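Peer 1: Throughout, our numbering is defined as the position within the sequence shown, counted from one, plus 1355.
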Amino acid sequence: MKVSKIRGWYLVALASSLSLVLATLVHQAPYVARIVPLRSWHFSSHKSWKTEGKDELLQTVSYRGWDVRLAIINSYPAHDEVFNALIYTFGSIPGVRLELFLETLRFGSQDIIDDFQLNLDMANNSQPQMFMAGNATAPDIIVSSTCEVDSRTMHQQFDKLLERNQTYLFCVVHHADHWLLNDNIANSSLIKTWINSGKMAFVTLSNHTSQFLENQVIPTWALSSQIVPKLRVFPPIFPTWPKVQEETLSFALQGNYEPSRRDYNGIFEHLSMFLRDSDTNVTLRLVGSGVRPEVPAQLQQHVVFDQALNYPEFYDTLALCFAMLPGFASDTYYDRKASSTIPASVIAGVPVVGPQRLLETYTYLDRDDIWLQNEGETDIDVIGRVLKLDPEIREAKKQRVVAASRRLMQANKVSARQWILDALGTLGHDAS
């Protein structure tokens, strides 16, 4: 599909979603096929194609007339969707000079980031081992996108930053329970020193993981009563251009095929019961990787495996569907872990099926952004109910999710800009 057509579709979708809003007053990446060498990048931010008008988020951030030097690091080959969202959000703030340090850009992330239309300036090298090499100038701010790993694999570079005392650290937490006192991360003198310096904030991917960190984890650290670690919340959302427009009678479950992550047996059982009483030719798309779960014989014609997809293909495939299932295999995704399915649904513009508890956990979602699962219903019951709706109603719901995506991306940029100002203030800079 030509870009003009895609953008035309987006404008139509935007108009539809805005009309709905006015009428009502109204966070594991997929595992896919290939890895490409990283292009070494420095970014100089400018107005991106997802931002219109002169509002707060477009005000330039600077101090003493200088750009803010902000480095994003990922020394661990995972969590690509979080890294992409961090690039988009911080890179969209004028006055921020963005530097990236990672081993590779995987699975078509290069194409995703290219579409952000940030103003690229090619640099010499951006491998993690080059960060703070020699007499390199320390950045004003560092964002560690997988802090559980970066704080150990890049210990020496983090130590050097502490010694220079010129940098603020945003530490992105993926598994809050990994930071309990008996874990090596929490016992790390490095992290404790950063906390004690006051030049650090933890960033979680959902409000519930932030609450778990605050209420269940931090009290185990035995910090001084004068030390209160700062917590920030960042739903990992970024823009994509979907290449599909027509809905299919399919719904999706994404992620690694490990049964410890998704309740495949329960979903297959409920889907079998539904199809016994229905002649609907509905398809469940399992979008992910790993060892495929065994599909019962009666479902062979209704289950499709989508594997070896790069990121653009992944979001295009999800966009074909009218719903996504969380399929949580445990309650940990409701109290300490942030599911990748929730932000994936928002990025793809596809409503997720979930109970009221999902809204209470992933508080960046509104009631109209999901297919609400009533008490006593299974997720497949909701699929059956949604299938009875007119296609126009299902499409309207998807456009609400598109609107939610835009709302969250703008909120992220406004928040990130304020985080930068707060960080610079902590460093003693008179920023504006």
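Yeah, the Cβ is synthetic: ideal placement off N, Cα and C, and Gly gets one too.
All figures in this text were calculated on a predicted structure; none of them were measured in a lab.
Find the nearest neighbour of residue 1520 within the set 1787, 1786 and 1778, judged by alpha-carbon distance.
Peer 2: Here residue 1520 refers to the residue found at position 165 when the sequence shown is read from its first residue. Checking every option, the nearest Cα to that of residue 1520 belongs to 1778.
Peer 1: Skipping 5 residues on each side, what residues in its chain have a beta carbon closer than 7 angstroms to that of residue 1494?
Peer 2: Residue 1494 sits at position 139 when you count from the first residue of the sequence shown. Answer for residue 1494: 1424, 1425, 1426, 1454 and 1522, listed in chain order.
Peer 1: Using DSSP with H/G/I as helix, E/B as strand and the rest coil, what is residue 1458?
Peer 2: By one-based count along the sequence shown, residue 1458 stands at place 103. Correct three-state label for residue 1458: coil.
Peer 1: Taking one C-beta from the region 1557–1575 and one from the region 1641–1652 each time, how about it: are there three or more such pairs within less than 8 angstroms?
Peer 2: With the cut-off at 8 angstroms, the region 1557–1575 and the region 1641–1652 do not touch.
Peer 1: In this structure, what does DSSP give as the bridge partners for residue 1414?
Peer 2: Here residue 1414 refers to the residue found at position 59 of the sequence shown. Partner(s): none; residue 1414 has no beta bridge.
Peer 1: Quick check: does the Cβ of residue 1503 come within less than 7 angstroms of any heavy atom belonging to the ligand FAD?
Peer 2: By its list of ligands, the structure shown contains no ligand whatsoever, and the ligand FAD lies outside what it can speak to.
Peer 1: What separation, rounded to the nearest whole angstrom, lies between the Cα atoms of residue 1436 and residue 1677?
Peer 2: Counting from one through the sequence shown, the residue named residue 1436 turns up at place 81. Counting from one through the sequence shown, the residue named residue 1677 turns up at place 322. Each residue's Cα considered, the two are about 22 angstroms apart.
Peer 1: DSSP puts residue 1609 in a beta bridge; with which residues?
Peer 2: The sequence position of residue 1609 within the sequence shown is 254, counting from 1. 1642.
Peer 1: Quick check on DSSP: helix, strand or coil for residue 1582?
Peer 2: The sequence position of residue 1582 within the sequence shown is 227, counting from 1. Here residue 1582 sits in coil by DSSP.
Peer 1: I think residue 1704 touches residue 1751, with their Cβ atoms under 8 angstroms apart; what is that distance to the nearest whole Å?
Peer 2: Locating residue 1704 in the sequence shown gives position 349, counting from the first residue. Locating residue 1751 in the sequence shown gives position 396, counting from the first residue. The Cβ separation is near 12 angstroms, so there is no contact.
Peer 1: Look up residue 1775 in the DSSP assignment and say whether it is helix, strand or coil.
Peer 2: Reading the sequence shown from its first residue, position 420 is the one you call residue 1775. Reduced to three states, the DSSP call for residue 1775 is helix.
Peer 1: When DSSP labels each residue in this structure, what does residue 1690 get in the three-state scheme?
Peer 2: For the purposes of this step, residue 1690 is taken as the residue at position 335 of the sequence shown. Note: residue 1690 maps to helix in three-state DSSP.
Peer 1: As a quick exercise: from 1613, 1679, 1457 and 1545, pick the residue whose alpha carbon is nearest that of residue 1685.
Peer 2: If you number the sequence shown from 1, residue 1685 lands on position 330. Nearest option by C-alpha distance: 1613.
Peer 1: Is the CB-CB distance between residue 1513 and residue 1535 below 8 angstroms?
Peer 2: Taking the first residue of the sequence shown as 1, we reach residue 1513 at position 158. Taking the first residue of the sequence shown as 1, we reach residue 1535 at position 180. Not closer than 8 angstroms, so no.
Peer 1: CB residue 1434 to CB residue 1501, shorter than 8 angstroms?
Peer 2: Here residue 1434 is taken as the residue at index 79 of the sequence shown, counted from 1. Here residue 1501 is taken as the residue at index 146 of the sequence shown, counted from 1. Going by C-beta atoms, residue 1434 is nearer than 8 angstroms to residue 1501.
Peer 1: Among 1733, 1748 and 1782, whose alpha-carbon lies nearest the alpha-carbon of residue 1553?
Peer 2: Your numbering for residue 1553 matches position 198 in the sequence shown. If we check each option's Cα against that of residue 1553, 1782 comes out closest.
Peer 1: Taking C-alpha atoms, which residue in 1736, 1737 and 1702 lies nearest to residue 1720?
Peer 2: Residue numbering aside, residue 1720 sits at position 365 when the sequence shown is read from its first letter. It is 1702 whose Cα lies nearest to the Cα of residue 1720.
Peer 1: Pairs of beta-carbons, one from the region 1617–1629 and one from the region 1722–1739, closer than 8 angstroms: are there three or more?
Peer 2: The region 1617–1629, when compared against the region 1722–1739, does touch it at the 8 angstroms Cβ threshold.
Peer 1: In terms of DSSP beta bridges, what is residue 1708 paired with?
Peer 2: If you number the sequence shown from 1, residue 1708 lands on position 353. Residue 1708 pairs with 1726.
Peer 1: Measuring only the C-alpha atoms, how far is residue 1617 from residue 1682?
Peer 2: Taking the first residue of the sequence shown as 1, we reach residue 1617 at position 262. Taking the first residue of the sequence shown as 1, we reach residue 1682 at position 327. Whole-angstrom Cα-Cα distance: 5 angstroms.
Peer 1: If you drop the 5 nearest sequence neighbours on each side, which residues of the same chain put their C-beta closer than 7 angstroms to that of residue 1658?
Peer 2: As a first step, residue 1658 must be located in the sequence shown, where it is residue number 303. Result list for residue 1658: 1639, 1641 and 1650, in chain order.
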